[in-house]
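Colleague:
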Amino acid sequence: MKGNLHVAAASPKFLLAMKLMASRTERDRDDIRTLYEICGFSTAEEGLAVLVSYYSQDQILPRV
Numbered sequence: 007m008k009g010n011l012h013v014a015a016a017s018p019k020f021l022l023a024m025k026l027m028a029s030r031t032e033r034d035r036d037d038i039r040t041l042y043e044i045c046g047f048s049t050a051e052e053g054l055a056v057l058v059s060y061y062s063q064d065q066i067l068p069r070v
């Protein structure tokens, strides 16, 4: 029997972008580190690049 359950999940890069956009570095530090590793990132520039790939420049506040 086939079910009707469909599950969707965000990609690690999108999750990272959301965590960076939220700017909750104290609360999300471990998640951000884990997502950096999963994405194969090692620099802040790589994180910024993924952030601007999901959010427009005018949405990103200076604190981010």
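Residue numbers for the sequence shown follow the working numbering, beginning at 7 and rising by one.
Quick reminder that beta carbons are idealized off the backbone N, C-alpha and C, glycines included.
Note that this is a predicted model, so its numbers are computed, not measured.
#1: Where does V13 sit, in a helix, a strand or coil, going by DSSP?
#2: Taking the beta carbon of A23 as the centre, do at least 16 other beta carbons fall within 10 Å, making it buried, or is it exposed?
#3: Excluding sequence positions up to five away, which residues of its chain have a Cβ less than 6 Å from the Cβ of D37?
#4: Check Y61 in the structure and name its three-state DSSP category.
Modeller: Here's the rundown:
#1: Within the sequence shown, the letter at position 7 stands for residue 13. Here V13 sits in coil by DSSP.
#2: Taking the sequence shown and counting its residues from 1, the one referred to as residue 23 is at position 17. A23 should be labelled buried.
#3: In the sequence shown, counting from the first residue as 1, residue 37 sits at position 31. Once the five neighbours on either side are set aside, the close Cβ partners of D37 are K25.
#4: Translated into the one-based positions of the sequence shown, residue 61 becomes position 55. Of the three classes helix, strand and coil, the one that applies to Y61 here is coil, per DSSP.
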